[in-house]
Structure formats: structure tokens, C-alpha cells
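Just so it is clear: in the sequence shown, position 228 is 230 by my numbering, and no numbers are missing.
Below: one structure, written as C-alpha cells.
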Amino acid sequence: MNLGCRSAACRGPKPHDQRTRRGLLAALASAAVMAGCGTPSPAASSVPSVVPTVAASASASALLPASASASASASASASASLSPTARWRPKVGQTWQWQLSGALDRGVDAEVYDVDLFTTTAAEVADLHKAGRKVICYLNAGAYEDFRPDAQRYPDAVLGEELDGWPGERWLDIRQWDTLRPILAARVDMCRDKGFDGVEPDNTDGYANDTGFPLTAADQLTFNRRIAGLAHDAGLAVGLKNDVEQASALEPAFDFAVNEECARYAECHRLAVFPRNGKPVFHVEYDLPLDRFCPVTGPLRFSSLAKRLELDAWRQPCP
């Protein structure tokens with residue numbers, strides 16, 4: 003529980019207070035798999051991407067050696083994916099899987115996978131695409147994680163309070179955009195280069211928590227819109243993570259929403275603006291049984307799941 007939480011949306015052990023644990027679990031699971039001691043989990047998630055082809059590159063590539071031609075084709079496709087009209091547009095009602103820990107289960111019957119940016123490989127994303135899936139990359143936008151490979155890029159001046167109870171993750175001073183932008187842009191570029199279709203930027207509600215900085219609602223709106231702009235500039239769809247109190251103001255800048263436990267906290271109505279405008283809400287509950295939340299989110303046309311807090315492969319979708 004964030005003891006300094008200022009928002010009505012932060013009551014009790016909200017899921018964003020568990021994110022460090024989820025990230026640590028994902029990192030540990032990845033290390034175990036790399037060491038050859040990982041045990042496959044029953045379900046997985048990742049994000050597919052739409053990369054249009056550029057016909058004009060064909061004649062130029064014919065003049066290049068095979069290796070150079072392949073490199074040129076990859077660059078041309080990546081450049082084409084930057085077109086705002088080319089980015090993936092998720093649809094209301096699409097089924098989804100969210101997996102941030104354990105060995106990726108690519109056999110889940112879901113149209114959309116949401117998986118970790120760093121621990122998911124380009125080959126895994128490509129395999130999901132071959133199976134007809136779209137893939138979203140999870141990345142932490144509003145908090146620092148000391149176990150990430152780019153952690154050393156964050157200067158002390160932008161690091162605030164720890165996310166309560168989870169050492170290793172600290173809130174960021176989102177007002178320092180000139181410092182944060184190159185770090186976050188590099189993450190978004192990695193997401194694009196691995197072939198993902200969209201981005202799930204986490205911890206985008208720092209203003210409602212005890213961050214150690216005097217963040218305002220206006221600061222959060224500015225930061226979240228900037229993150230959405232980075233994703234769109236890279237040709238990627240982007241989702242609003244939680245931040246339900248600002249959902250109406252932010253919906254025009256985002257392509258979908260990802261929410262944890264809106265039914266538990268009676269907040270799902272705040273996200274109804276997304277389906278009303280043809281954009282899906284990918285939603286999970288951790289503690290409620292299906293018969294407690296599916297009747298709430300079904301009429302709102304959410305894509306709802308029951309998940310375990312560690313976000314392994316296990317899932318139970320609403321019928």
C-alpha cells in the first residue's frame with residue numbers, strides 16, 4: 003500500500019504497488035530460462051506488430067550484395083512502420099493474454115499478447131506473428147527498476163521514493179522530460195525493432211502516489227501524452243495503463259487501455275470512454291471470481307481476465 007497516496011483511486015494494496023515484484027519475477031524467470039533451469043509455464047503473452055513493405059526498395063536492393071540487401075530491406079520496413087497510418091489499431095472485444103513471468107507460452111488462445119520488452123526475444127515475437135497474434139511490449143515508463151539493463155542511464159536526480167514494499171523500483175520525476183526522453187525513446191525503439199505492435203507503459207499514475215516529488219495531475223497528463231507521442235512516432239499503438247481518473251482526458255491520445263482491478267475498486271465506468279470510441283480495454287482482476295466481475299465488464303465490452311498477481315501464463319477469460 004502506498005502510504006502517501008493522494009488519490010481516491012489508491013485504496014489498499016492496489017496492483018501498482020506489486021509491480022516491482024512482478025518485474026523481479028520476470029527477471030528471475032528469464033535468468034532461469036537462460037541458465038537452462040526454467041520450467042515452461044501454461045500461458046504467455048507478447049505483442050504483434052504491423053510492418054508494411056516498401057515497394058520502392060526492391061530495385062535498390064537488387065544492386066546490393068545479399069547481406070547488404072537484407073539489411074536495407076529491414077531498414078526500409080522499419081522506416082515504413084513509422085507511418086502513423088500503418089500502426090496497429092486494436093479492436094474492441096479482442097481476446098488477450100498478459101504474461102510477465104515464466105517461460106512464454108505461445109499456445110494460449112488469444113488474439114493479443116502483452117509481454118515484457120526486455121525478456122521477450124524478437125524470435126518469440128515473430129513466432130507469435132506467424133500464429134496470427136498481435137504483440138504488445140510491457141515497459142516501465144514512470145518508475146525506475148534497478149534490475150533492467152539500462153538502469154545505469156537514470157541519474158540520481160530523477161529517482162524518487164521506492165514503490166512501497168518493493169525495493170529496487172523507484173518513482174521517477176516525470177517533470178524532467180529532457181533527461182527521461184532519450185531513455186524512454188530507446189526503450190520504445192527496442193520495442194519497435196523487436197517487431198512489437200504496441201506498447202504498455204506502466205506506472206503512469208505517479209501523481210496519485212507518494213513519489214517524493216510534488217507531481218500534479220497536469221504533470222501526469224503532460225507526461226502520459228508525451229509517452230503516447232513517442233510510441234506513435236515509432237509506428238506503435240500505445241495503451242493507457244490504469245490512471246482511471248484521467249481516462250477521459252487521455253483517451254484521444256491512446257489506442258487502448260490496460261487496467262488492473264477496476265471491478266474490485268468500482269472504477270470500470272471511468273474507462274467506458276475507450277470502447278465508446280472503438281478502443282479496447284484489456285482488463286484483469288486478481289482476487290475476484292469471474293461471476294463477480296464479468297457481469298460488470300461484459301456490458302462495457304471490456305476484454306477481461308482473471309490472473310494471478312505474478313502474471314504467469316495462467317488465465318481465466320470471461321465467458
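Backbone N, C-alpha and C fix where the C-beta goes; we use that ideal spot for every residue, glycine too.
- Under DSSP, Tyr-146 forms a beta bridge with Arg-172.
- In this structure, DSSP gives Leu-217 a state outside helix and strand, which the three-state scheme calls coil.
- In the three-state reduction of the DSSP assignment, Asp-116 falls in the strand class, which pools E and B.
- For Phe-284, the uninterrupted beta strand (DSSP E) run begins and ends at 283-287, by DSSP.
- Contact between Gly-162 and Phe-215 holds, since their C-beta atoms are separated by about 5 Å, short of 8 Å.
- Residue range 292-299 is occupied by the alpha helix (DSSP H) that includes Phe-295.
- With a beta-carbon spacing of about 5 Å, Arg-303 and Val-94 fall inside the 8 Å limit used to define contacts.
- Measuring C-alpha to C-alpha distances from Gly-197 to each of Leu-273, Thr-122 and Cys-296 identifies Thr-122 as the nearest.
- For Leu-313, the CB contacts under 7 Å within the same chain, skipping 5 residues up- and downstream, are Arg-24, Trp-100, Gln-101, Leu-102 and Ser-103 in chain order.
- Cβ-Cβ separation between Cys-193 and Leu-141: approximately 7 Å, consistent with a contact (criterion under 8 Å).
- Contact fails between the segment 230-238 and the segment 164-180, because fewer than three Cβ pairs, one in each stretch, are under 8 Å apart.
- In the structure shown, Val-160 falls within a helical segment according to DSSP collapsed to helix, strand and coil.
- Non-local C-beta neighbours of Phe-295 in its own chain, meaning closer than 7 Å and more than five positions away in sequence, comprise Ala-265, Glu-287 and Ser-306, ordered along the chain.
- DSSP places Trp-316 in the coil class of the three-state scheme, outside both helix and strand.
- In the three-state DSSP reduction, Gly-280 falls in the coil class, being neither helix nor strand.
- DSSP places Val-127 inside the alpha helix (DSSP H), whose first and last residues are 124-132.
- Boundaries of the alpha helix (DSSP H) around Ser-250: 249-252.
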